[in-house]
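Participant: Dropping the structure in here first, questions after.
In UniProt numbering, the protein residues as written are 1 to 988.
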């Protein structure tokens with residue numbers, strides 16, 4: 001894109017003609033000075049051009065001078081489409097999608113991983129997620145897939161060398177909840193689920209067993225062919241679609257898990273006079289519930305859990321026992337046909353079924369992980385060696401005459417382990433494992449001893465792990481992270497020993513200077529480095545790196561890294577590096593059907609706006625003595641942050657009333673004044689709102705956020721009127737010089753974002769239905785009068801009502817703070833509240849005729865002129881107040897709408913507009929530096945997070961003076977007053 005591609009219409013208006021690209025329906029126009037235009041990102045210009053291709057777009061695709069790249073539409077973008085047959089687009093209202101790279105490994109519920117981009121083509125696959133309320137790993141189903149192209153992406157590297165690539169907006173689980181990547185800093189904690197699993201491979205469609213095999217087992221069990229029982233068992237297996245059973249059968253994964261458990265802690269047999277087939281499963285209640293779920297997936301009904309106290313025949317002691325039964329002769333016969341031993345396992349010979357060796361690795365894992373959940377020794381640290389674990393052992397007991405078979409069985413297990421890179425040391429026969437029962441029969445226990453080497457344990461716990469044993473899985477997950485940390489320390493030492501120090505010794509540096517240069521503390525201490533220097537100079541060829549004496553004990557590491565995570569299996573890791581990398585490819589996202597909306601990717605747990613101005617009766621001189629107290633009290637009164645609020649808790653029914661009733665409903669409840677309704681765009685309520693069009697997830701995200709400030713560029717600010725440009729209009733607005741006012745900038749919070757997420761995916765999936773082709777999928781749109789278009793519009797109206805209500809409740813809390821510090825007579829009046837992310841049905845003049853349009857404003861502000869019927873009566877003579885906040889620490893403006901802005905659908909800018917990303921801002925300046933700079937100018941700063949201050953630093957934004965100057969000189973609006981900040985109250 002070159003400057004010559006633009007046609008200069010006026011000094012502050014530039015056009016890319018319709019002829020620039022064959023798919024453009026209308027020209028693309030940008031309001032900007034030459035300096036601002038020169039700094040506009042090429043991607044942003046491309047987005048303005050893309051919007052010009054929308055079906056039904058009228059006259060122009062427009063962008064205001066605060067233009068910067070957004071999702072589909074630029075922020076600062078304006079577009080109008082025909083009503084009612086024109087398009088409505090979620091991306092044209094206000095939204096940013098967060099995505100992950102396509103090669104990100106998503107952990108499946110069956111313990112294998114899939115590249116994220118492949119999930120879009122799979123039907124109803126269950127993936128792992130975290131239930132934050134229960135602190136446990138659960139399963140969910142992804143749906144509504146999205147993808148978009150991006151030229152760059154951020155990569156996180158943690159202390160244990162975990163890596164993931166994501167867009168800056170993608171949320172990750174931290175001790176503060178889900179936090180966007182762009183808000184994370186070095187050394188921040190981030191949740192890791194250490195288990196990795198194995199890659200997916202499609203199973204062959206070959207038969208494992210069929211009816212003939214089952215008939216053979218029935219005959220062997222003495223069940224006469226042709227008998228009623230014989231036929232019933234066959235029919236029940238056929239009814240459950242278990243015959244023939246193939247490697248690709250959808251129930252095979254669950255069958256393999258049940259098989260592993262029966263080989264371990266469960267038993268199956270025919271019992272009683274009738275010879276009923278019965279399974280007895282024993283274990284801990286939480287683990288047995290998982291087994292019961294899988295029994296149901298196969299098609300059988302388990303009993304409830306039973307509790308009893310049982311006496312151990314070996315030592316006479318009693319212990320508590322939980323169990324459940326499955327009464328199913330057909331399942332006993334079916335599993336026996338698959339090679340599962342029936343009856344007492346100690347008295348019979350059996351091997352790992354041969355067919356299991358032919359399954360893909362992920363299916364072998366299911367069998368082993370279930371078996372190990374019953375029998376493999378829990379991860380246990382060595383008391384005599386810091387950083388090491390004891391060798392895991394897998395036991396099996398057999399009658400003494402069957403010990404040869406026991407060794408064969410253990411060798412089968414060893415052979416399977418080898419496929420996962422797990423090495424076995426030996427089979428041992430401990431002397432204390434001999435047992436003689438009451439009948440004088442001798443049995444002996446053997447142990448398969450697995451190597452405790454670091455890489456071996458990482459493969460054992462990280463690739464196979466444990467099924468049906470939450471406790472062992474928990475210890476293994478923490479053990480993996482512990483060993484990853486140890487691995488990193490040893491690798492760092494090894495590199496220093498073999499490469500770094502030898503290179504520095506060749507330069508002639510002294511031991512002391514090398515130590516000063518390389519020492520970083522733990523693990524590279526000066527003493528260690530100087531010792532290595534001495535040994536290398538003495539010709540010592542083999543120097544083995546060892547972990548330092550202060551390396552944490554496993555029990556201490558476990559306690560520290562699982563705080564607040566219980567036994568979920570999650571572990572806190574630490575961010576070591578965040579870097580921006582080139583990325584010319586698609587990134588992906590999807591929704592999951594779980595209330596906590598998350599999933600596990602690369603081992604990480606990854607999840608409308610407007611302004612109002614309140615005016616006081618006080619001058620700066622009168623307020624200055626109370627300023628700090630006022631700012632502090634507002635900060636205390638107004639909840640802020642990324643998550644839930646702290647002031648009022650609402651039911652879903654009450655949220656529905658806010659979604660449909662808006663500000664008038666809150667005034668009815670005693671919050672605010674009737675005058676507030678009059679001074680709010682749309683009187684604080686869009687009548688088309690329908691709460692039933694908002695998802696339950698969106699409502700739950702917004703349930704406790706009414707009256708909360710939020711994070712990012714949202715703020716509450718105390719300003720003074722520094723300069724009046726139009727005395728007459730200022731007088732009508734009730735503004736005077738040095739007057740103290742309160743600026744509030746926030747929106748519909750988590751509810752609005754979730755609503756847009758929900759509908760954007762619905763819209764994308766519906767594109768083929770309406771034959772809509774677009775140059776960028778992010779432009780996803782639908783006919784306004786389509787069923788989906790109507791539901792989205794009603795939902796958007798409800799979200800707008802929520803946003804106005806949110807700002808209204810913040811106003812209520814601010815008034816309470818104001819009165820607490822200044823007295824009951826002190827009051828704050830609402831000048832105006834206007835949205836800047838919205839789509840509305842408005843009447844405009846097009847080619848000399850009045851017509852209704854669907855006007856999209858994304859990061860753009862409505863600016864109706866004098867006499868317009870939709871503005872308050874008291875502003876009819878002047879025009880609508882337009883509120884333009886600056887960046888933190890810079891001026892803000894009050895403007896007024898003009899008739900000339902009809903060419904831009906009566907729209908102006910909404911702020912200064914970003915000049916750099918949040919991540920780049922944090923890289924360039926610290927939050928404390930910003931605070932110090934503002935305080936040096938006499939501006940009080942109240943914040944809960946310095947990180948939020950850094951990413952909203954003034955350097956991250958365009959010069960608001962230039963931006964406002966453009967809309968003023970272009971005639972889109974007129975300056976009324978400039979506001980100077982006195983105190984800034986920020987969210988998290």
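In this text, a Cβ means the ideal position worked out from N, Cα and C, and glycines have one as well.
Determine the direct distance from the alpha carbon of residue 77 to that of residue 826, and round the result to whole angstroms.
Facilitator: Here residue 826 is taken as the residue at index 826 of the chain shown, counted from 1. Here residue 77 is taken as the residue at index 77 of the chain shown, counted from 1. Answer to the nearest angstrom: the Cα atoms are 39 Å apart.
Participant: Along the chain, which unbroken stretches of the beta strand (DSSP E) at least 3 residues long are found entirely within the stretch 939 to 981?
Facilitator: 940 to 942
Participant: According to the neighbour-count rule (16 or more other Cβ atoms, all chains shown, within 10 Å of its Cβ), is residue 681 buried or exposed?
Facilitator: As a first step, residue 681 is located in the chain shown; it is residue number 681 there, counting from the start. Buried, by the Cβ-count rule.
Participant: Taking the CB atoms as reference points, tell me whether residue 799 and residue 92 lie closer together than 8 Å.
Facilitator: In the chain shown, residue 799 corresponds to position 799, counting from 1. In the chain shown, residue 92 corresponds to position 92, counting from 1. No, Cβ-Cβ distance for residue 799 and residue 92 is not below 8 Å.
Participant: Would you say the stretch 511 to 518 touches the stretch 542 to 553, given that touching needs at least three Cβ pairs under 8 Å?
Facilitator: no
Participant: Using the three-state DSSP reduction, which class does residue 882 fall into: helix, strand or coil?
Facilitator: For the purposes of this step, residue 882 is taken as residue 882 along the chain shown, with counting starting at 1. Note: residue 882 maps to strand in three-state DSSP.
Participant: For residue 915, collect the residues of the same chain with a Cβ closer than 8 Å to its Cβ; drop the 5 residues on either side in sequence, then sort them by chain order.
Facilitator: Translated into the one-based positions of the chain shown, residue 915 becomes position 915. For residue 915, where only same-chain residues beyond five positions count, the Cβ hits under 8 Å are 39, 68, 955, 956, 957, 958.
Participant: State the start and end residues of the unbroken alpha helix (DSSP H) segment that holds residue 760.
Facilitator: Your numbering for residue 760 matches position 760 in the chain shown. From DSSP, the alpha helix (DSSP H) with residue 760 extends over 749 to 766.
Participant: Looking at the unbroken beta strand (DSSP E) that takes in residue 367, where does it start and where does it end?
Facilitator: In the chain shown, residue 367 corresponds to position 367, counting from 1. It is not in any beta strand (DSSP E) - residue 367 instead sits in the alpha helix (DSSP H) that spans 361 to 375.
Participant: According to the Cβ coordinates, are residue 707 and residue 623 closer than 8 Å?
Facilitator: On the chain shown, residue 707 is found 707 positions in, with the first residue counted as 1. On the chain shown, residue 623 is found 623 positions in, with the first residue counted as 1. Contact: no.
Participant: Around the C-beta of residue 416, are 16 or more other C-beta atoms found within 10 angstroms, so that it is buried, or is it exposed?
Facilitator: For this step, residue 416 is matched to residue 416 along the chain shown. When all chains shown are included, residue 416 counts as buried.
Participant: Suppose you measure from the CA of residue 767 to the CA of residue 157; what does that come to, to the nearest Å?
Facilitator: Within the chain shown, the letter at position 767 stands for residue 767. Within the chain shown, the letter at position 157 stands for residue 157. If I take the Cα positions, the gap works out to 37 Å.
Participant: Can you grab the Cα-Cα spacing for the pair residue 292 / residue 254, in whole Å?
Facilitator: On the chain shown, residue 292 is found 292 positions in, with the first residue counted as 1. On the chain shown, residue 254 is found 254 positions in, with the first residue counted as 1. If you take the alpha carbons of residue 292 and residue 254, they lie about 11 Å apart.
Participant: Ends of the beta strand (DSSP E) at residue 282?
Facilitator: For the purposes of this step, residue 282 is taken as the residue at position 282 of the chain shown. Note, residue 282: beta strand (DSSP E), 276 to 283.
Participant: Run through the DSSP bridge pairs and tell me what residue 68 is partnered with.
Facilitator: Translated into positions along the chain shown, residue 68 becomes position 68. In DSSP, residue 68 forms a bridge with 75.
Participant: Under the rule that 16 or more other beta-carbon atoms within 10 Å means buried, what is residue 865, buried or exposed?
Facilitator: Sequence index remark: in the chain shown, residue 865 carries index 865 (1-based). Buried, because 16 or more other Cβ atoms sit within 10 Å of the Cβ of residue 865.
Participant: Relative to the C-alpha of residue 728, which residue among 759, 977, 830, 814 is closest?
Facilitator: Within the chain shown, numbered from 1, the residue matching residue 728 stands at position 728. For the residues 759, 977, 830, 814, the minimum Cα distance to residue 728 belongs to 977.
Participant: Taking residue 989 as the reference, which of 315, 343, 152 has the closest Cα?
Facilitator: With the chain running from 1 to 988 in the structure shown, residue 989 is simply not present.
Participant: Please look up how many angstroms separate the CB atoms of residue 243 and residue 217, rounded, as I've assumed it's under 8 Å.
Facilitator: Along the chain shown, one-based indexing puts residue 243 at 243. Along the chain shown, one-based indexing puts residue 217 at 217. 12 Å between Cβ atoms; not a contact.
Participant: Looking at the unbroken alpha helix (DSSP H) that takes in residue 511, where does it start and where does it end?
Facilitator: To locate residue 511, count along the chain shown from 1; it is residue 511. Start and end: 511 to 518.
Participant: I need the straight-line Cα distance from residue 112 to residue 567, nearest angstrom please.
Facilitator: Residue numbering aside, residue 112 sits at position 112 when the chain shown is read from its first letter. Residue numbering aside, residue 567 sits at position 567 when the chain shown is read from its first letter. Counting only the Cα atoms, residue 567 lies some 22 Å from residue 112.
Participant: Classify residue 437 as buried or exposed, calling it buried when 16 or more other Cβ atoms lie within 10 Å of its own Cβ.
Facilitator: Counting from one through the chain shown, the residue named residue 437 turns up at place 437. Counting the other CB atoms within 10 Å of its CB gives residue 437 a total below 16, which places it among the exposed residues.
Participant: Taking the CB atoms as reference points, tell me whether residue 155 and residue 174 lie closer together than 8 Å.
Facilitator: Reading the chain shown from its first residue, position 155 is the one you call residue 155. Reading the chain shown from its first residue, position 174 is the one you call residue 174. No. Outside cutoff.
Participant: Provide the residue span of the beta strand (DSSP E) that contains residue 846, from first to last.
Facilitator: In the chain shown, counting from the first residue as 1, residue 846 sits at position 846. Here the beta strand (DSSP E) through residue 846 covers 837 to 846.
Participant: Which ranges would you report for the beta strand (DSSP E) in the stretch 668 to 726 if only whole runs of at least 3 residues count?
Facilitator: 715 to 724
Participant: Let me make sure I understand the geometry here. Which of 821, 695, 571 has the alpha-carbon closest to that of residue 629?
Facilitator: Residue 629 sits at position 629 when you count from the first residue of the chain shown. Among 821, 695, 571, the Cα nearest to that of residue 629 is on 821.
Participant: What are the boundary residues of the alpha helix (DSSP H) that residue 620 is part of?
Facilitator: In the chain shown, residue 620 corresponds to position 620, counting from 1. That run of the alpha helix (DSSP H) goes 620 to 623.
Participant: So, with DSSP's three-state summary, where would you put residue 139?
Facilitator: Within the chain shown, numbered from 1, the residue matching residue 139 stands at position 139. It is a strand residue.
Participant: Just to confirm, is the Cβ distance from residue 31 to residue 970 under 8 Å?
Facilitator: Position 31 of the chain shown, counted from the first residue, corresponds to residue 31. Position 970 of the chain shown, counted from the first residue, corresponds to residue 970. Between residue 31 and residue 970, the C-beta spacing is below 8 Å.
Participant: Would you kindly work out how many angstroms separate the C-alpha atoms of residue 105 and residue 5, rounded to a whole number?
Facilitator: Reading the chain shown from its first residue, position 105 is the one you call residue 105. Reading the chain shown from its first residue, position 5 is the one you call residue 5. Each residue's alpha carbon lies about 43 Å from the other.
Participant: Are the beta-carbon atoms belonging to residue 893 and residue 984 less than 8 Å from one another?
Facilitator: Translated into the one-based positions of the chain shown, residue 893 becomes position 893. Translated into the one-based positions of the chain shown, residue 984 becomes position 984. Going by C-beta atoms, residue 893 is not nearer than 8 Å to residue 984.
Participant: Would residue 610 and residue 835 qualify as a contact pair, given that the criterion is a beta-carbon distance under 8 Å?
Facilitator: To locate residue 610, count along the chain shown from 1; it is residue 610. To locate residue 835, count along the chain shown from 1; it is residue 835. Contact flag set, yes.
Participant: Since residue 299 contacts residue 370 with CB under 8 Å, what's their CB separation in whole angstroms?
Facilitator: The count along the chain shown starts at 1 and reaches residue 299 at position 299. The count along the chain shown starts at 1 and reaches residue 370 at position 370. That pair is no contact at about 18 Å.
Participant: Give the DSSP-derived three-state secondary structure of residue 910 in the structure shown.
Facilitator: Taking the chain shown and counting its residues from 1, the one referred to as residue 910 is at position 910. Residue state, collapsed to three classes: coil.
Participant: Per the DSSP calculation, residue 82 is bridged to which residue(s)?
Facilitator: Taking the first residue of the chain shown as position 1, residue 82 is located at position 82. Beta-bridge pairing links residue 82 to 853.
Participant: Would you say residue 960 and residue 908 are within 8 Å of each other, going by their C-beta atoms?
Facilitator: Reading the chain shown from its first residue, position 960 is the one you call residue 960. Reading the chain shown from its first residue, position 908 is the one you call residue 908. Not closer than 8 Å, so no.
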